[in-house]
Amino acid sequence: MPRFFMSNRKCNVPLGLLNSMVSIWLASQSPRRTAMIKELFPNAHCEGLQGVDETPMSSGTVAEKVESICQAKAHAIPEDHGYDVVLVCDTVLADPDEVNALLGKPRDSLHAATMLHRLSGRRHQVWSSAGLCIHGHWRFFTEFSVVEIEQLPDEVLVDLVLNNSWKGKAGGYDLAGEMGNYAQIIDGGESTVLGIPQEAMDVLSSFQ
Numbered sequence: 005m006p007r008f009f010m011s012n013r014k015c016n017v018p019l020g021l022l023n024s025m026v027s028i029w030l031a032s033q034s035p036r037r038t039a040m041i042k043e044l045f046p047n048a049h050c051e052g053l054q055g056v057d058e059t060p061m062s063s064g065t066v067a068e069k070v071e072s073i074c075q076a077k078a079h080a081i082p083e084d085h086g087y088d089v090v091l092v093c094d095t096v097l098a099d100p101d102e103v104n105a106l107l108g109k110p111r112d113s114l115h116a117a118t119m120l121h122r123l124s125g126r127r128h129q130v131w132s133s134a135g136l137c138i139h140g141h142w143r144f145f146t147e148f149s150v151v152e153i154e155q156l157p158d159e160v161l162v163d164l165v166l167n168n169s170w171k172g173k174a175g176g177y178d179l180a181g182e183m184g185n186y187a188q189i190i191d192g193g194e195s196t197v198l199g200i201p202q203e204a205m206d207v208l209s210s211f212q
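Residue numbers 5 to 212, in the numbering used here, belong to the letters of the sequence shown in order.
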């Protein structure tokens, strides 16, 4: 699978973090990201950022756009945060009809219904970007997975909208929720679809 990777400075895992108690801050409100991080670090601090401008760049590739949002979140982290590791993330869908356009989070139920109708019976790319700050040094990871959604009957579309599972979710669906009955990952990793690139998860797992 093609993988886009960008790092603004070299950052190897410090030996001091291995086999020790790591203090980590997941700067995200996502329940799925929280569950993934808590599985590795039960005592992780999980609290999202406030007031970050998540408007994507007007030009560039999907990879560049999602990483630019992730970098904006990284810039919002205070220098005196006091954690060994800080993790910021962002996830978007690539518009299946328009090259380099994004499908972000639905504004309301009507917007969610429109998104789900467009994705029904088709494949699309889910892009996640993560920034890891390890003792003050940032490293960024950006990956995508390919997801295929079945042709959704009208009653299923209505249920997916009415149950509010679209709220706060890129593309208007939650693969780990009810949509998991109608969608499958064709290429790439599940963690990328749920909000954290697999390579970032691998780095975090190395702290165990």
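All C-beta atoms in this analysis are idealised placements derived from N, C-alpha and C, irrespective of residue type, glycine included.
- Our two residues, residue 103 and residue 174, have alpha carbons roughly 17 Å apart in a direct line.
- Taking the Cα of residue 61 as reference, the smallest distance to any Cα among 71, 122 and 33 is reached at 71.
- The alpha-carbon separation between residue 96 and residue 207 amounts to approximately 22 Å.
- Of the candidates 110, 138, 81 and 122, 122 places its Cα closest to the Cα of residue 152.
- Counting only unbroken stretches of 4 or more residues, the alpha helix (DSSP H) elements lying wholly within the region 11-85 are 35-44 and 66-79, in sequence order.
- About 4 Å separates the beta carbons of residue 176 and residue 119, which is inside the 8 Å limit, making them a contact pair.
- Beta bridge pairing from DSSP links residue 94 with 133.
- By the neighbour-count definition (other C-beta atoms within 10 Å, threshold 16), residue 114 is an exposed residue.
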